[in-house]
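Q: Before I ask anything, let me first share the structure, which is written out below as structure tokens.
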Amino acid sequence: MNPAAIEAHLKHVLLDWGIIVFAAWLFGRLARRVGQPLAVGEILAGIVLGPSLLGTLWPAADSLLFQPGTQQSLQLLGKLGLILLLFQVGMEFDYGHLRSRSRTVTAVSLMGLMSPFLCGLAVGPWLHRQFAPDLPRFGFILFFCIALSISALPVMGRILLEMKLERTAVGVMGISSAAIDDVIGWVLLAVASAVVTAGLDAKALSLQVAGIIAFFSVVMLVVGPWVRKLWRKSQAQHHGLTPSFMVLLLVLLVGCCLATNTLGIFSIFGAFIFGVALHQEAELVRAWRAKFSDFVLVALVPVFFTNTGLNTKIGSLQTPLAWAGVAVVLAAAVAGKLGGCYLGARLTGQGRRESACIAALMNTRALMALVAINIGMDLGLLNPAMFTMLVLMALLTTAMTAPLLRWWLPDELKGTATSRGV
0 MNPAAIEAHL KHVLLDWGII VFAAWLFGRL ARRVGQPLAV GEILAGIVLG
50 PSLLGTLWPA ADSLLFQPGT QQSLQLLGKL GLILLLFQVG MEFDYGHLRS
100 RSRTVTAVSL MGLMSPFLCG LAVGPWLHRQ FAPDLPRFGF ILFFCIALSI
150 SALPVMGRIL LEMKLERTAV GVMGISSAAI DDVIGWVLLA VASAVVTAGL
200 DAKALSLQVA GIIAFFSVVM LVVGPWVRKL WRKSQAQHHG LTPSFMVLLL
250 VLLVGCCLAT NTLGIFSIFG AFIFGVALHQ EAELVRAWRA KFSDFVLVAL
300 VPVFFTNTGL NTKIGSLQTP LAWAGVAVVL AAAVAGKLGG CYLGARLTGQ
350 GRRESACIAA LMNTRALMAL VAINIGMDLG LLNPAMFTML VLMALLTTAM
400 TAPLLRWWLP DELKGTATSR GV
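Residue numbers are given in numbering that gives the first Met the number 0: position 151 of the sequence shown equals residue 150, and the series is strictly consecutive.
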């Protein structure tokens, strides 16, 4: 690409970026006024700017705004924002609560996978028969079950940060269970993709799982302690996050993201695990937040959520039967995830309110489910109608999270559940 073409492309990227940042800010504030997290407003901003509304009212918008080449650049910005967000989410949480609650995390994560999977198996054949009879039955049902089983780790983390619940036992159990579910979910997604495209390779799957375990162990037992030791030495000579230490953090962050990407799971997991390895250093967490948090939350992360809305076509659902399909998908998703995770928490001794809060958090899907849905679409296992149904399910389960949390929070936590200004 020559300099003139780069400049022309940059002009479109800057224009669209500015529109998205403003629209996300505006709709985010409107969402917050009705008790919703910023992410819900940002996704709605994308739906308004995309083919579902603006594209219908002004068909020429597609050729003037959000062109395919520009959208690719914006997606890159959004994914960089997610990497930085997940790194901060990993650092922000106090995992000391897990010492006495590991049984709950294990039970919730397992029930959060198995129960939605069973619900998917129950309604998947009907959905296939009614809305996707021309698609491979086995692949369709398998991907549908996976989409119901995944939680949205980044969105959950952002909701907890906004409500100042990141260092509570409920928040830590929810985010830890979601992290386990999502890692298993991506492995299942890789297995499903292999089965659909080239047949199952048991050796490759075993190597992938072994690689993930090895990566986690190295980061937690070697890299994290080494970086924390260097941080303490740095603070003995300098105050705050120095440029040299910032370079070290960013290089290691990139390395962790590349490692998980190479292992076949998303780069954001590398960022999250690296953040978890550093969470004991409260001063480092505060220094990082002061340098990066506002810019990431205002300028980068909204790009990803808004871009999701841009790719949603609600107009593809044109019959009462199609909207009945949306209701069935939503009911299966909520019954499986909310009900299963509540049961898992209760069986391990958690109170009713704490169990309900953990279940509400795990019911959040948004980003991660949307990624899985897009993979299913790319593999030819979803058609536009089913794609839109699953997108609406992901958005509605996310919209339910904050109201349910406020309703079910134990009395001692309600005073802390206030939104931060961004």
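Note that CB positions come from ideal geometry on N, CA and C, so glycine has one too.
Using only the alpha-carbon positions, how far apart do Leu109 and Tyr341 sit?
A: Whole-angstrom Cα-Cα distance: 12 Å.
Q: Nearest by alpha-carbon distance to Ile145: which of Lys336, Gln279, Ala209 is it?
A: Taking only the C-alpha atoms, the option nearest Ile145 is Lys336.
Q: Which of helix, strand or coil does DSSP assign to Lys202?
A: Note: Lys202 maps to helix in three-state DSSP.
Q: Of all the options Asp133, Leu141, Thr103, Arg102, which has the alpha carbon lying nearest to the alpha carbon of Ala121?
A: Ranking Asp133, Leu141, Thr103, Arg102 by Cα distance to Ala121 puts Leu141 first.
Q: Could you tell me whether the Cβ atoms of Ile104 and Ser175 are closer together than 7 Å?
A: Correcting the residue type first, residue 104 is Val in the shown sequence and not Ile. Closer than 7 Å, so yes.
Q: What is the rounded straight-line gap between the Cα of Ala151 and the Cα of Leu56?
A: So the alpha carbons of these two residues sit roughly 32 Å apart.
Q: Tell me whether Val169 sits in a helix, a strand or coil according to DSSP, three-state version.
A: Helix, per DSSP.
Q: Take the Cβ of Phe143 as the centre, count every other Cβ of all protein chains shown within 10 Å, and call the residue buried at 16 or more, exposed below.
A: The residue is buried, with at least 16 neighbouring Cβ atoms inside 10 Å.
Q: Taking the alpha carbon of Thr167 as the point to measure from, which residue in Gly343, Glu91, Ile5, Val302 has its own alpha carbon closest?
A: When only C-alpha atoms are compared, the closest one is Glu91.
Q: Less than 8 Å between C-beta atoms, sequence neighbours within five positions excluded: which residues of the same chain meet that for Leu52?
A: Only Ile46 meet the Cβ criterion.
Q: What residue ranges within the segment 254-293 form continuous alpha helix (DSSP H) runs of no fewer than 4 residues, ordered along the chain?
A: Runs of the alpha helix (DSSP H) inside the segment 254-293: 266-276, 281-287.
Q: Which of the three DSSP states is assigned to Phe130 in this structure?
A: In the structure shown, Phe130 sits in a helix (DSSP, three-state: H, G or I).
Q: Which class does His11 belong to by DSSP, given the choice of helix, strand or coil?
A: Looking at His11 - three-state DSSP - the assignment turns out to be helix.
Q: On the CB-based measure, 16 or more other CB atoms within 10 Å of its CB, does Glu353 come out buried or exposed?
A: Glu353 should be labelled buried.
Q: For Leu25 versus Leu299, is the C-beta distance shorter than 7 Å?
A: No, the pair does not count as a contact, with Cβ atoms beyond the cut-off.
Q: State the Cα-Cα distance for the pair Leu43 and Leu249, rounded to the nearest angstrom.
A: Distance between the alpha carbons of Leu43 and Leu249: 32 Å.
Q: Determine the contact status of Val107 and Gly343, defining contact as a CB-CB distance below 7 Å.
A: Yes; because the gap between Cβ atoms is below 7 Å, this pair is in contact.
Q: For Arg352, report the span of its alpha helix (DSSP H) as first-last.
A: 351-361 is the extent of the alpha helix (DSSP H) around Arg352.
Q: Is Ser216 buried or exposed, if buried means 16 or more other CB atoms sit within 10 Å of its CB?
A: So Ser216 counts as exposed.
Q: In its own chain, which residues sit with a C-beta less than 6 Å from the C-beta of Val302, not counting the 5 before and 5 after it?
A: If we look at Val302 and ignore the five residues flanking it on each side, its Cβ neighbours are Ile19, Leu73, Leu76, Gly77.
Q: According to DSSP, simplified to helix, strand and coil, what is Leu404?
A: Helix, per DSSP.
Q: Sorted by chain position, which residues of the same chain lie with C-beta nearer than 7 Å to Leu81's C-beta, five sequence neighbours on each side aside?
A: Closer than 7 Å at Cβ, skipping near neighbours: Pro153, Ile267, Val300, Phe303.
Q: Check whether the segment 6-17 touches the segment 269-288, counting contact only when three or more Cβ pairs, one atom from each stretch, lie closer than 8 Å.
A: The answer is no - the segment 269-288 does not touch the segment 6-17, with fewer than three Cβ pairs under 8 Å.
Q: Would you mind giving the Cβ-Cβ distance between Leu257 and Gly223, rounded to the nearest angstrom? I have them listed as a contact below 8 Å.
A: Contact doesn't hold; Cβ gap of about 17 Å is too wide.
Q: On the CB-based measure, 16 or more other CB atoms within 10 Å of its CB, does Asp293 come out buried or exposed?
A: By the 10 Å Cβ count, Asp293 comes out exposed.
Q: Please report the distance separating the alpha-carbon of Phe86 from that of Arg128.
A: The alpha-carbon atoms of Phe86 and Arg128 are separated by roughly 42 Å.
Q: Less than 6 Å between C-beta atoms, sequence neighbours within five positions excluded: which residues of the same chain meet that for Leu381?
A: Gly375.
Q: Under 7 Å, do Thr396 and Ala332 count as touching if we go by C-beta distance?
A: Closer than 7 Å, so yes.
Q: Considering just the uninterrupted stretch of the alpha helix (DSSP H) at Val295, what are its terminal residues?
A: Element bounds for Val295: n/a, residue is neither H nor E.
Q: Buried or exposed: Gly274, going by 16 or more other Cβ atoms within 10 Å of its Cβ?
A: Buried is the call here.
Q: Please state the DSSP three-state secondary structure of Arg426.
A: Not covered by the structure: residue 426. The range shown for the chain is 0 to 421.
Q: Going by alpha carbons, who is nearest to Thr259 out of Val295, Trp230, Gly338, Gln207?
A: The shortest Cα separation from Thr259 among Val295, Trp230, Gly338, Gln207 belongs to Gln207.
Q: DSSP three-state label for Leu423, please.
A: Since the displayed the chain opens at 0 and closes at 421, residue 423 lies outside it and no answer follows.
Q: Give the straight-line distance between the Cα atoms of Ile212 and Ala398, rounded to the nearest whole angstrom.
A: Whole-angstrom Cα-Cα distance: 33 Å.
Q: With the cut-off set at 7 Å, would you say Gly184 and Ile149 are in Cβ contact?
A: Taking 7 Å as the Cβ cut-off, Gly184 and Ile149 qualify as a contacting pair.
Q: Flag Thr261 as yes when its Cβ comes closer than 6 Å to any non-hydrogen atom of the ligand SAM, and as no otherwise.
A: Summarising the ligand content, the structure contains no ligands, and the ligand SAM is consequently not present.
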